[in-house]
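Going by this note's numbering, the sequence shown opens with residue 72, and the numbers climb by one from there.
Please read the structure below before turning to the comments.
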Amino acid sequence: MSKGRNLLIHTTGWVLFLVIPIVFSPGPAFSVHTFFGGFMQREMIACILLIAYFYFNVQVLITRFYFTKKYTLYFLIIAGCFMITTLVPFLLLPNHPKFSSPIPPVPQRAEEGSILFEFGHNFFRFSVVTFISLTLKISNRWKQAEQDKLTAQLSYLKAQINPHFLFNTLNSIYSLAIQKSDHTPSAVVKLSSMMRYVVSESNRDFVSLEKELSYIRNYVELQQLRFGDAIELLFFVHGNAGTNRIAPLILIPFVENAFKHGINAEESSRIKVSIEMDHNELRLEVFNNKVFTRGEEEKSGLGIENTRNRLQLLYPKRHTLIITDNKNDFSVSLTIQLK
């Protein structure tokens, strides 16, 4: 959505928010006599405070407290905001004619004109603003998660089926076939399994952890097939995946990054990938020495940054990610609480 359209929607919404209560109010407070009087001034102050609260809630409170599950602190803060939006107009304009002058003899509900009625009126408006701000923020967060997921799916689908990847992998398989190697059938099966996983499984919210690990195994073994003795590779998987599930393609960016930027035919290449499962906890350790120095190195952080965002959205307060980027080596340590 463009900024202009977004601004128009917000402006229209706030105009309706200000006008509708005035147009449909049954009481005398909004008569021609008082429209530009003290009551309207206090209403405008209250509405300005509510607008400020709306954006404060959207930009700060929901992100820092609600999404991090600090619910008690969050509701205490919005309770304080409610008191501010309710009391400040009375403190700024204490001599409101509604309370300092006799109420005109116009038919109205018995409670109208009382402080209790004003409190209830303000509470209703505040609740509506709170509900709308929460709904919008949660909706935007969900859309962002879906967009990041789609971006990850498309990027890795492209990475796995691009001609360069297929050429190198198929060329390695062809070499094995020429040599009549016993590894040829398994290499074809691994590539086929990887393609099937990316196409059919990666569109799910969560997949079997065993399937994700199988994809990583196939990827590592195919890379080893391509580079052979050119790399010193250590690959370990310990523990039982059990019935655990995980977001698809959430681990492979760190493994792929090691092979993409840790292999050079002219230098010694060392890569270590270790995955451990302990009940519902998964630990991933990836290490590679730096040998890649060409222009694409500037893009190396994009996949990892996208994955960092996905982790924050999918596993808030349930993961720890430590990335160490030294001059000569690069390492990743990731821990995820799957349940």
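The C-beta atom is built at its ideal place from N, Cα and C for all residues, glycine as well.
Taking 9 Å as the threshold (C-beta atoms), are residue j and residue i in contact?
{"i": "ASP219", "j": "LEU384", "result": "yes"}
{"i": "PHE214", "j": "THR134", "result": "Before going further, note that residue 214 is Lys rather than Phe in the sequence given. Not in contact: LYS214 and THR134 (Cβ atoms no closer than 9 Å)."}
{"i": "VAL362", "j": "SER340", "result": "yes"}
{"i": "PHE307", "j": "VAL357", "result": "no"}
{"i": "PRO52", "j": "ASN274", "result": "No information on residue 52 is available, as it lies outside the stretch 72 to 410 that the chain covers here."}
{"i": "GLY310", "j": "GLU347", "result": "yes"}
{"i": "ALA248", "j": "SER279", "result": "no"}
{"i": "PHE401", "j": "ILE393", "result": "no"}
{"i": "SER210", "j": "VAL129", "result": "no"}
{"i": "LEU305", "j": "ILE244", "result": "no"}
{"i": "ILE334", "j": "ILE321", "result": "no"}
{"i": "CYS152", "j": "PHE190", "result": "no"}
{"i": "ARG316", "j": "LEU405", "result": "no"}
{"i": "PRO324", "j": "THR391", "result": "no"}
{"i": "PHE136", "j": "ILE148", "result": "yes"}
{"i": "ARG389", "j": "ALA216", "result": "no"}
{"i": "LYS146", "j": "ARG212", "result": "Lys is not the amino acid found at residue 146; the sequence shown has Phe there. Not in contact: PHE146 and ARG212 (Cβ atoms no closer than 9 Å)."}
{"i": "THR157", "j": "PHE197", "result": "yes"}
If you run the structure through DSSP and keep just helix, strand and coil, what is residue i?
{"i": "ASP300", "result": "helix"}
{"i": "PHE170", "result": "Summary for PHE170: the model assigns pLDDT 42, below 50, so the residue's position carries little reliability; its value from the coordinates is reported in the next sentence. Correct three-state label for PHE170: helix."}
{"i": "LYS388", "result": "coil"}
{"i": "HIS81", "result": "helix"}
{"i": "THR314", "result": "coil"}
{"i": "PRO97", "result": "Only weak support exists for where PRO97 lies, its pLDDT of 46 falling under 50; the coordinates are left without a value."}
{"i": "PHE306", "result": "strand"}
{"i": "LEU276", "result": "Per the sequence shown, residue 276 should be read as Asp rather than Leu. ASP276: coil per DSSP, three-state reduction."}
By the 10 Å Cβ neighbour count, where 16 or more other Cβ atoms means buried, how is residue i classified, buried or exposed?
{"i": "ARG76", "result": "exposed"}
{"i": "ILE287", "result": "buried"}
{"i": "VAL403", "result": "buried"}
{"i": "GLU418", "result": "Residue 418 lies beyond the residue range present for the chain, which begins at 72 and ends at 410; the question has no answer from this structure."}
{"i": "ILE407", "result": "buried"}
{"i": "PHE125", "result": "buried"}
{"i": "ASN397", "result": "exposed"}
{"i": "LEU132", "result": "buried"}
{"i": "ASN242", "result": "exposed"}
{"i": "ASN360", "result": "buried"}
{"i": "LEU355", "result": "buried"}
{"i": "ASN193", "result": "buried"}
{"i": "THR201", "result": "buried"}
{"i": "LEU87", "result": "exposed"}
{"i": "PRO411", "result": "Residue 411 lies beyond the range of the chain shown here (72 to 410); nothing can be said about it."}
I'd like the span of the beta strand (DSSP E) that includes residue i, first residue to last.
{"i": "THR406", "result": "400 to 408"}
{"i": "GLU411", "result": "Limits of the chain in this structure are 72 at one end and 410 at the other, which puts residue 411 out of reach."}
{"i": "LYS140", "result": "Segment: none, LYS140 is in no beta strand (DSSP E) and carries neither H nor E."}
{"i": "GLU347", "result": "340 to 349"}
Over what stretch of residues does the alpha helix (DSSP H) that includes residue i continue unbroken?
{"i": "LEU262", "result": "255 to 267"}
{"i": "VAL326", "result": "323 to 332"}
At least 3 beta-carbon pairs within less than 8 Å: the region 255 to 269 vs the region 282 to 302 = Touching, yes, given that three or more Cβ pairs across the two stretches are closer than 8 Å.
So does the region 135 to 144 actually touch the region 115 to 123, counting three or more Cβ pairs closer than 8 Å?
-> no
Below 8 Å, can you find three or more Cβ-Cβ pairs linking the region 373 to 392 to the region 265 to 274?
-> Touching, no, given that fewer than three Cβ pairs across the two stretches are closer than 8 Å.
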